[in-house]
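J.: One structure follows; several queries about it will come next.
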Amino acid sequence: MNTSIIDETTGRYLPIQYPEEMPFWKAAQQRRLVLQRCDDCRKVLYPIGPTCPHCGSNKFTWSEMSGRGVVHNFVVYHKPWVPYYRDRVPYALVQVQIEEGPRLTTNLHGVSVSDVRIGMEVEATWEELTPGVTLLQFKPRGGK
Ligand SMILES: [Zn+2]
Numbered sequence: 276m277n278t279s280i281i282d283e284t285t286g287r288y289l290p291i292q293y294p295e296e297m298p299f300w301k302a303a304q305q306r307r308l309v310l311q312r313c314d315d316c317r318k319v320l321y322p323i324g325p326t327c328p329h330c331g332s333n334k335f336t337w338s339e340m341s342g343r344g345v346v347h348n349f350v351v352y353h354k355p356w357v358p359y360y361r362d363r364v365p366y367a368l369v370q371v372q373i374e375e376g377p378r379l380t381t382n383l384h385g386v387s388v389s390d391v392r393i394g395m396e397v398e399a400t401w402e403e404l405t406p407g408v409t410l411l412q413f414k415p416r417g418g419k
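Numbering (the working numbering), first residue to last: 276 to 419.
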């Protein structure tokens, strides 16, 4: 979604929070998933931006999402690209298609890499990286 830098304390990428994305980040701190819904065609916009990619409208409303979706695809990383993953490889990077349509690239918690499957039903969970940064993550539906 945007450029990141590696945080020295966590050893992870921390997202840069652009002004137009702040409703998303503030809701994340409350462990709520909100995205932009187009006021004209009613589709959900993602990535966050000023214009609907479906109809070209620039009118939208930040709307609560269900937080439910399915694994659309995934890759397994065997190389730790950032220090945080040095002792955590292999790990899966997944693309979750949420019920409202968009596909979000994310991590999957609460399941071993060998058990990740395309079509797996998942739901949002949250990970506070720093006091100002809570990340949207996913877990198997009904899992921990
Ligand atoms: Zn639209």
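The beta-carbon is built from N, C-alpha and C at its ideal position, and this holds for glycine as well.
1) Closer than 7 angstroms: is that where the CB of S332 sits relative to any heavy atom of ligand 1?
2) Can you give me the C-alpha to C-alpha distance between V397 and G385, rounded to a whole angstrom?
3) Between which two residues does the beta strand (DSSP E) holding W337 run?
4) What is the residue span of the alpha helix (DSSP H) that W300 lies within?
5) DSSP three-state call for Y352: helix, strand or coil?
6) Would S341 and E374 be called neighbours here (beta carbons separated by less than 8 angstroms)?
7) Would you kindly check if the distance between the Cβ of Y321 and the Cβ of L379 is under 8 angstroms?
8) Comparing the CB of D315 with every heavy atom of ligand 3, is any distance shorter than 7 angstroms?
9) Please identify the residue among L404, Y293, T284, Y366 whose C-alpha is closest to the C-alpha of P325.
10) At a cut-off of 7 angstroms, would you count K318 as near ligand 1, judging by its Cβ distance to the nearest heavy atom?
11) Report whether the distance from the Cβ of H384 to the nearest heavy atom of ligand 1 is below 7 angstroms.
12) Beta carbon of Q347: closer than 7 angstroms to some heavy atom of ligand 1?
T.: On the basis of the supplied data:
1) Indexing the sequence shown from 1 puts residue 332 at position 57. Yes.
2) The residue labelled residue 397 in the question sits at position 122 within the sequence shown. The residue labelled residue 385 in the question sits at position 110 within the sequence shown. Between V397 and G385, the C-alpha separation is close to 10 angstroms.
3) Residue 337 sits at position 62 when you count from the first residue of the sequence shown. Run containing W337: 335-339, per the beta strand (DSSP E) assignment.
4) Stepping through the sequence shown from its first residue, residue 300 is reached at position 25. W300 -> alpha helix (DSSP H) spans 297-304.
5) Taking the first residue of the sequence shown as 1, we reach residue 352 at position 77. The answer is strand: DSSP assigns Y352 an E or B state.
6) Here residue 341 refers to the residue found at position 66 when the sequence shown is read from its first residue. Here residue 374 refers to the residue found at position 99 when the sequence shown is read from its first residue. Closer than 8 angstroms, so yes.
7) To locate residue 379, count along the sequence shown from 1; it is residue 104. To locate residue 321, count along the sequence shown from 1; it is residue 46. A contact, by the Cβ cut-off of 8 angstroms.
8) Here the bound small molecules are ligand 1; ligand 3 is not part of this structure.
9) For the purposes of this step, residue 325 is taken as the residue at position 50 of the sequence shown. Closest option to P325, Cα to Cα, is Y293.
10) Position 43 of the sequence shown holds residue 318. Within the cutoff, so yes.
11) Here residue 384 corresponds to residue number 109 of the sequence shown, with the count starting at 1. H384 Cβ: outside cutoff for every heavy atom of ligand 1.
12) Translated into the one-based positions of the sequence shown, residue 347 becomes position 72. Note that residue 347 is His in the sequence shown here, rather than Gln. H347: no, Cβ never under 7 angstroms from ligand 1.
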